[in-house]
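**Q** Quick one: the structure is below, questions incoming.
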Amino acid sequence: MSIPRATPAVRVPDDLRQKVADLARLHERWAATRVVPELLRPEVARAWARLDPEHAPAKSQQLLAGPEVRRRRESARVLAEATAKVQQLLLDTATDSLNQLVVCDADGVVLWVDGAPVVRRQSEQLGFVEGARWTEGAVGVNALGTALAEGRPIQLFGPEHSNPDQHRWVCTGAPVRDPATTKIIGAITMSGPLASAHPHTLTLVANAVISAVESELAARHRVSLNVLADKATDADLVLDVNGWVAAARSRHAPERVWTPRGLTEGRVWLPTLGMFECSALPGGWSLRSLPDGQMASLHLITHPRALLEVSSGASTSTFSLTPQHASIVRALALAPDGLSAAQLQDQLGLGSVVSMRAEVSRLRRLLGELLESRPYRLTAPCAVD
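For the sequence shown, my numbering assigns the number 1256 to the initial residue and increments by one for each residue that follows.
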């Protein structure tokens, strides 16, 4: 798992007092006009732009009750494992530098707070406590909520926080992803006074979170896949419920199989792999290859709205398409050998070649392995109405 690119809020030569003053002026201008200043770092500008000018974050909020916080902790097993690992890696450093570690779940609800007591007492005055919701919508731009919204590590210095009450803080946050689903399940931040700001904190926190996910959670996921593989030793392919490959006879099987709308028992076609007979296992699926089985087919429907039907055996999945995506699918259906981004742009006239690549990338996130690249090509025959 790679660490998404992020920029530190401060650099070693920076005069922190001057930086606070400069950012404070930008914040004052934004607060008065709601026009995001161009001098902000891009990730901060995006965060400020996301805030609803008609909805100011509440000065105080109703905390979730203790039983609800405990319930969320118990249900967030993967996040709890990541938290324990990050605390092992960072808690002493955070405490020694007068910082604290704070962990929230995917809803932005704070579940764990630990660190220097003096800093914890100060943060409690901001409502930075267990049971509080720290999404951008609830409290404005902050390292927890913005890490969740951006899906990548973020460092916020002083007036980069949208709420003036947080302008004496520097906070470095990173999202936590479940390796089995790749979904964001929470975020972790290291927060403290402005004087503790350092550019290396961003890399430190990001690396700690990634390390926790890769070394601890991914290893446990591998163990669960091995257990699943032992349940179907005669299968050609064994998948967990998220499509991760636990075992495969073919050396060309991918690490994860794209399964549109999930799997069901019976015949199923997997893009680039072929037709299989699928049987349920506790925690996954056992699949037997059907070399002579019926291939999947696609059907593009354009009226009254654009839809793509994927039929394989007895199952059918339907995807809603934007007009642009429908045009791309139509062009690829008529070119079974595939088209480049430049050829698509020339045929469809949709913006530039760069914007065409971006549009096809969005379509691939929807269709997965039904759409190959280099060149762009549908992996199953497609009829167009």
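C-beta atoms are modelled at their ideal positions from N, C-alpha and C, and glycine is treated no differently.
When you compare the CB positions of LEU1483 and LEU1536, do they come within less than 8 angstroms of one another, or not?
**A** Their beta carbons are under 8 angstroms apart, which means LEU1483 touches LEU1536 by this criterion.
**Q** If I'm right that TRP1271 touches ALA1452 with Cβ under 8 angstroms, what's the distance once you round it to whole angstroms?
**A** Here residue 1271 turns out to be Leu, not Trp, going by the sequence shown. The Cβ separation is near 6 angstroms, so the contact holds.
**Q** Using a Cβ-Cβ distance under 8 angstroms, would ALA1387 count as near chain C?
**A** The question asks about chain C, but that chain is absent: this structure has only one protein chain.
**Q** Compare the C-alpha of ASP1277 against each of GLU1293, THR1262, THR1458 and HIS1580 and name the closest.
**A** It is GLU1293 whose Cα lies nearest to the Cα of ASP1277.
**Q** Using only CA atoms, which one of LEU1318, GLN1343 and ASP1495 lies nearest to GLU1385?
**A** Nearest of LEU1318, GLN1343 and ASP1495 to GLU1385, Cα basis: LEU1318.
**Q** List the DSSP bridge partners of GLY1363.
**A** DSSP, once it has assigned bridges, lists no residue as partnering GLY1363.
**Q** Once you ignore the five residues that flank PRO1408 on each side, which residues in its own chain have a CB closer than 8 angstroms to its CB?
**A** Closer than 8 angstroms at Cβ, skipping near neighbours: ILE1258, PRO1259, ALA1261, ALA1402, THR1427, GLY1428, ALA1429, PRO1430, LEU1457, VAL1460, ALA1461 and VAL1464.
**Q** How about LEU1306 and SER1417: do their beta carbons lie closer than 8 angstroms?
**A** A contact, by the Cβ cut-off of 8 angstroms.
**Q** Measuring alpha carbon to alpha carbon, tell me which of ASP1362, ALA1487 and ILE1583 ends up nearest GLY1538.
**A** The candidate whose alpha carbon is nearest that of GLY1538 is ALA1487.
**Q** How about the stretch 1468 to 1479 and the stretch 1329 to 1346: do they share at least three Cβ pairs that are nearer than 8 angstroms?
**A** Contact holds: three or more Cβ-Cβ distances are below 8 angstroms.
**Q** Contact check, ARG1511 vs VAL1500 under 8 angstroms by CB: the rounded distance?
**A** 7 angstroms between Cβ atoms; contact.
**Q** Are the beta-carbon atoms of ALA1561 and ALA1590 separated by less than 8 angstroms?
**A** Going by C-beta atoms, ALA1561 is not nearer than 8 angstroms to ALA1590.
**Q** Once the 5 residues before and after VAL1299 are set aside, which same chain residues still bring their CB inside 6 angstroms of it?
**A** Result list for VAL1299: GLU1415, in chain order.
**Q** Have a look at TRP1424 and GLY1413 and give me their C-alpha separation to the nearest angstrom.
**A** Each residue's Cα considered, the two are about 5 angstroms apart.
**Q** In chain order, what residues of the same chain have a beta carbon less than 8 angstroms from the beta carbon of LYS1438, not counting five sequence neighbours either side?
**A** Here the set comprises ALA1361 and ARG1432.
**Q** Within 10 angstroms of its Cβ, does ASP1444 collect 16 or more other Cβ (buried), or is it exposed?
**A** Position check: residue 1444 holds Thr in this sequence, whereas Asp was assumed. Buried, by the Cβ-count rule.
**Q** For ARG1632, which residues in the same chain have their Cβ closer than 6 angstroms to its Cβ, ignoring the five residues on either side in sequence?
**A** Around ARG1632: GLY1593.
**Q** What do you get for VAL1357, buried or exposed, if any count of 16 or more other CB atoms within 10 angstroms of its CB means buried?
**A** Buried, by the Cβ-count rule.
**Q** Whole angstroms is fine: what's the gap from ARG1388's alpha carbon to GLY1370's?
**A** Those two C-alpha atoms are separated by around 19 angstroms.
**Q** Using C-beta distances below 7 angstroms, list every residue in its chain close to VAL1267, excluding the 5 sequence neighbours before and after it, in chain order.
**A** Same-chain partners within the cutoff: PRO1454.
**Q** Reducing DSSP to helix, strand and coil, say where LEU1536 ends up.
**A** It is a strand residue.
**Q** Note down the Cα distance separating MET1256 from PRO1434, rounded to an integer number of angstroms.
**A** Model confidence at MET1256 stands at a pLDDT of 49, short of 50, so the residue's coordinates are unreliable; what they give is reported in the following sentence. The straight-line gap from Cα to Cα measures roughly 9 angstroms.
**Q** List in chain order: all unbroken beta strand (DSSP E) runs of 3+ residues lying wholly within the stretch 1454 to 1507.
**A** Those beta strand (DSSP E) runs which fall completely within the stretch 1454 to 1507 and span 3+ residues are 1492 to 1495 and 1500 to 1503.
**Q** I'd like the list of long-range same chain contacts for GLY1363, defined as Cβ closer than 7 angstroms, with 5 residues on each side in sequence excluded.
**A** Only ARG1388, TRP1389, THR1390, ALA1393, LEU1399, GLY1400 and LEU1403 meet the Cβ criterion.
**Q** With distances taken from CA atoms, which of VAL1468, SER1595, LEU1618 and ARG1620 is nearest VAL1608?
**A** Residue SER1595 is the option with its Cα nearest to VAL1608.
**Q** Check whether the Cβ atoms of HIS1558 and ALA1638 lie closer than 8 angstroms to each other.
**A** Not closer than 8 angstroms, so no.
**Q** Excluding five sequence neighbours on each side, which residues of the same chain lie with their C-beta closer than 6 angstroms to the C-beta of ALA1279?
**A** Result list for ALA1279: PRO1414, in chain order.
**Q** Please go through the same chain and pick out, in chain order, the residues whose beta-carbon is closer than 8 angstroms to the beta-carbon of ARG1289, but skip the five residues on each side of it.
**A** Excluding residues within five positions, the ones whose Cβ falls inside 8 angstroms are PRO1308.
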